[in-house]
Each structure stands twice: as structure tokens, then as C-alpha cells.
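Student:
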Amino acid sequence: MRRPTVIVQDRLIAGRHPCAWGPEDAPAEVAQLLDERVTLFIDLTQEGELEPYAHLVSPARHVRMAIRDFSVPTPDDLVETLDAIDAELEAGGIVYVHCWAGCGRTGVVVGCWLVRRGLDPKAALAKIAQARGLGCPQTLEQRLLVLGWEAGR
32 MRRPTVIVQD RLIAGRHPCA WGPEDAPAEV AQLLDERVTL FIDLTQEGEL EPYAHLVSPA
92 RHVRMAIRDF SVPTPDDLVE TLDAIDAELE AGGIVYVHCW AGCGRTGVVV GCWLVRRGLD
152 PKAALAKIAQ ARGLGCPQTL EQRLLVLGWE AGR
């Protein structure tokens, strides 16, 4: 099992969907994340895209902020997602952000979050590529969104 990627000092973690390789993997993957004290799972997949796992996350919470695969969210939806991450982190929580493979949609959200927090957009993309793989985010549209995001937004 590929370990999730810690983005910010054990507070923001990025990775794949707990059912990415099959629903039978979800209990162990969720348990591992709960052992790491995750308090909020932000699920970027669409309803029905993969088997649900929200019933496994208690006492943590599961929030779906769906983005169509290989696409980008609207600016308003992205700000809402970034606000949810910041609110949980400010409350002392630990956030796990994921899409299917933890690359495209996850890369967009994490990249824009890093830019929001003051990292240069190119440096944010480099950090994601180093941490998750060279193909993250996956599409030109996704990379351009990160490159065009503004600090503080």
C-alpha cells in the first residue's frame, strides 16, 4: 500500500481514495488514516464514482466536495474546499484530501492551498510533483489553475 503524502507537518495529508484498488481495502486504509489522527476526510470524487467509505470514518468526518475527473472546480467551489481545509486545520484537526488516485483533482486542491498560504505557484507544482509524482496534477487545465491561483484567495 502506497503511503499517503504529508503536505504540511502531519496536518494536511494527500492520497488516493480508500477504495481505489477495491472496496475490500477501505477498512484498513481508513484505519491507518485514523491512526494518524485524521479528523476530516475531503473526498473530491463524484457520487457513485467509487464505493462509499464514509461509514468507516467515525469519529472523523467525511465531506464530499466533488470535482469531475480530469477537470477543475469552479473558483467558488475551490474556495469553499480551501476554506474547509483551513477551518479544520485552524481547529487543530488533521485533513486527508483525496480523489481517485490522489493526483489530478487532489493536486489542484493541494496546489491552490499551498499558493493560498503564500507559496509561489511554480514551487507549489514542484512540491506536488516531488511528493505525489511527476504527473500531478494530471492535465494542463489543472496545472494552469494552480499557476493562476493567487495567494490569500
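Take 32 as the starting number for the sequence shown in the numbering used here and just add one per residue.
Glycine included, every Cβ here is placed at the ideal spot set by N, Cα and C.
Name the two residues that bound the continuous beta strand (DSSP E) containing Thr36.
Tutor: Unbroken beta strand (DSSP E) run through Thr36: 36-39.
Student: From which residue to which residue does the alpha helix (DSSP H) around Arg68 run?
Tutor: Note, Arg68: premise wrong, no alpha helix (DSSP H); not H, not E.
Student: Do you know whose CA, among Leu145, Val140, Glu181, lies nearest Glu111's CA?
Tutor: Minimum Cα distance to Glu111 is reached at Val140.
Student: Does the distance from the C-beta atom of Phe101 to that of Gly133 stay below 8 Å?
Tutor: Not closer than 8 Å, so no.
Student: Check each candidate in Tyr84, Arg68, Val39 and name the one with the smallest Cα separation from Arg47.
Tutor: Checked all of Tyr84, Arg68, Val39; the closest Cα to Arg47 is Tyr84.
Student: Please go through the same chain and pick out, in chain order, the residues whose beta-carbon is closer than 7 Å to the beta-carbon of Leu145, but skip the five residues on each side of it.
Tutor: Within the same chain, Leu145 has close Cβ partners Ala155, Lys158.
Student: Which same chain residues end up closer than 8 Å to Lys153 when comparing Cβ atoms and leaving out the 5 residues on each side of it in sequence?
Tutor: Excluding positions up to five away in sequence, the list reads Leu178.
Student: Spatial neighbours of Met32 within its chain, please: C-beta separation below 6 Å, excluding the five flanking residues on both sides.
Tutor: For Met32, the predicted model reports a pLDDT of 48, less than 50, meaning its position is unreliable; a value from the coordinates is still stated below. Here the set comprises nothing.
Student: Rounding to the nearest angstrom, what Cα-Cα distance links Arg42 and Gly123 in this structure?
Tutor: Rounded to the nearest angstrom, the two C-alpha atoms are 8 Å apart.
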